[in-house]
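Peer 1: Structure provided below as structure tokens; questions to follow.
Residue numbers (our numbering): 23 to 291.
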């Protein structure tokens, strides 16, 4: 069976530590870009995103980050994405050159979307990313908003979630693919998945009301699932905790979603 067209698997690191990439061109959409780099101690990543803002998320490890002439200091410090600690994160406005120097082994996410060049680069403080608990029972998950709509940016929304083994997330199934003022926003989205222990697996379904898109994807450690439209629930099997980093962007920088009407009753119990 061929892999889903929505699935992007990690590869061996390239010269710049890149292990995977999603661009608007490769995804067939307009807004979201995502790259993942694994940097060795002392390795430097230099970048610039013309016409696109960036959120640099140090998922694990510590790095020194500069943006233009701003030295933003050491960023990060957690041992893994499963440590109960905020990631390191830096906002970089469009077109601003940046440099990331790994102090130790670093897992770096580069999240991009259309943006303006007028803002200042800034470190997103750990205090701005408190852990929230959402849901109840086997729908419980743990959320940190890295770059939510209430914080300055042009297009990007970035959030990370840990779903305990045996639990569901992005559930009940919801979507945000239609622009309806005050009722739903149109946002493209990527899910970068990690599993603990790493030999585990999880499942993500992406489907539309008319089932013109209906993919059920077996997710492995380090995979990305692209969500161009439709509902997109995630399930983590017993014994395997699931982490994912979401990047969303669209014409309006608001997260307004609609639950699948067939399953919305779950929220009204």
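Where is the CB? At the ideal position from N, CA and C, for every residue including glycine. The model shown is predicted, which means the values in this text are computed figures rather than measured ones.
1) Got a sec? Which residues, its chain only, sit under 6 Å from residue 254 by beta carbon, not counting five neighbours each side?
2) Extract the residue ranges of the beta strand (DSSP E) inside the segment 91 to 142, only unbroken runs of 3 or more that lie entirely within it.
3) Whose C-alpha, out of 130, 271, 169, is nearest the C-alpha of residue 85?
4) Specify the secondary structure class of residue 284 as computed by DSSP and reduced to three states.
5) I need the boundaries of the beta strand (DSSP E) containing residue 271, first residue and last residue.
6) At what residue ranges does the segment 203 to 260 contain a whole run of the beta strand (DSSP E), taking only runs of 3 or more?
7) Can you check DSSP and say which residues form a bridge with residue 68?
8) What did DSSP end up calling residue 34 once you bin it into helix, strand or coil?
9) Among the residues of its own chain, which have a CB less than 8 Å from the CB of residue 73, if the five just before and after it don't count?
10) Return yes when the Cβ of residue 146 is within less than 8 Å of the Cβ of residue 168, no when it is not.
11) Quick one: grab the DSSP three-state call for residue 48.
12) So what's residue 84 in DSSP terms, helix, strand or just coil?
13) Can you tell me whether residue 175 is helix, strand or coil according to DSSP?
14) Could you give the residue range of the beta strand (DSSP E) that holds residue 60?
15) Where does the unbroken beta strand (DSSP E) through residue 163 begin, and where does it stop?
16) To the nearest angstrom, how far is the alpha carbon of residue 109 from that of residue 79?
17) Who are the Cβ neighbours of residue 330 in its own chain at under 6 Å, not counting the five residues just before and after it?
18) Within this structure, are the beta carbons of residue 133 and residue 225 separated by less than 8 Å?
19) Please classify residue 75 as buried or exposed, where buried requires at least 16 other C-beta atoms within 10 Å of its C-beta.
20) Using a Cβ-Cβ cutoff of less than 7 Å, which residues in the same chain neighbour residue 207 once the five nearest sequence positions on both sides are dropped?
21) Taking the alpha-carbon positions, what's the residue 45 to residue 216 distance?
22) Round the Cβ separation of residue 265 and residue 150 to the nearest angstrom and send it over; I've been treating them as touching at under 8 Å.
23) Let me confirm a value: residue 284 is counted as buried when at least 16 other C-beta atoms fall within 10 Å, else exposed. Which label applies?
Peer 2: In terms of the structure at hand:
1) Locating residue 254 in the chain shown gives position 232, counting from the first residue. Within the same chain, and ignoring the five residues on either side of residue 254 in sequence, the residues whose Cβ sits closer than 6 Å to its Cβ are 192, 228.
2) 92 to 98, 110 to 114, 120 to 124, 128 to 136
3) Counting from 1 along the chain shown, the entry for residue 85 is found at position 63. Closest by alpha carbon: 130.
4) Here the question's residue 284 lines up with position 262 in the chain shown. Correct three-state label for residue 284: coil.
5) Along the chain shown, one-based indexing puts residue 271 at 249. First-last of the beta strand (DSSP E) with residue 271: 263 to 271.
6) 206 to 208, 210 to 218, 223 to 229, 236 to 242, 246 to 249
7) Taking the first residue of the chain shown as position 1, residue 68 is located at position 46. Residue 68 is bridged to 121.
8) Indexing the chain shown from 1 puts residue 34 at position 12. Assigned with DSSP and collapsed to three states, residue 34 falls in coil, not helix or strand.
9) Within the chain shown, numbered from 1, the residue matching residue 73 stands at position 51. Excluding positions up to five away in sequence, the list reads 116, 117, 136, 137.
10) Here residue 168 is taken as the residue at index 146 of the chain shown, counted from 1. Here residue 146 is taken as the residue at index 124 of the chain shown, counted from 1. Yes, Cβ-Cβ distance for residue 168 and residue 146 is below 8 Å.
11) Indexing the chain shown from 1 puts residue 48 at position 26. The answer is helix: DSSP assigns residue 48 an H, G or I state.
12) Stepping through the chain shown from its first residue, residue 84 is reached at position 62. Here residue 84 sits in strand by DSSP.
13) If you number the chain shown from 1, residue 175 lands on position 153. Here residue 175 sits in coil by DSSP.
14) The residue you call residue 60 lines up with position 38 of the chain shown. Following the DSSP letters along the chain, one finds residue 60 inside the beta strand (DSSP E) bounded by residues 55 to 61.
15) The sequence position of residue 163 within the chain shown is 141, counting from 1. Counting along the chain, the beta strand (DSSP E) containing residue 163 begins and ends at 163 to 169.
16) Residue mapping note: residue 109 aligns to position 87 of the chain shown, counting from 1. Residue mapping note: residue 79 aligns to position 57 of the chain shown, counting from 1. Their backbone Cα atoms lie some 7 Å apart in a straight line.
17) As shown, the chain starts at 23 and ends at 291. That puts residue 330 outside it, with no answer to give.
18) The residue given as residue 133 occupies position 111 in the chain shown. The residue given as residue 225 occupies position 203 in the chain shown. No, they are not a contact pair.
19) Your numbering for residue 75 matches position 53 in the chain shown. Flag for residue 75 reads buried.
20) Residue mapping note: residue 207 aligns to position 185 of the chain shown, counting from 1. The answer, listed in chain order, is 198, 201, 272, 274, 276, 277, 278.
21) Counting from 1 along the chain shown, the entry for residue 45 is found at position 23. Counting from 1 along the chain shown, the entry for residue 216 is found at position 194. Residue 45 and residue 216: Cα-Cα distance of roughly 20 Å.
22) On the chain shown, position 243 is the one that residue 265 refers to. On the chain shown, position 128 is the one that residue 150 refers to. The Cβ separation is near 19 Å, so there is no contact.
23) If you number the chain shown from 1, residue 284 lands on position 262. Flag for residue 284 reads exposed.
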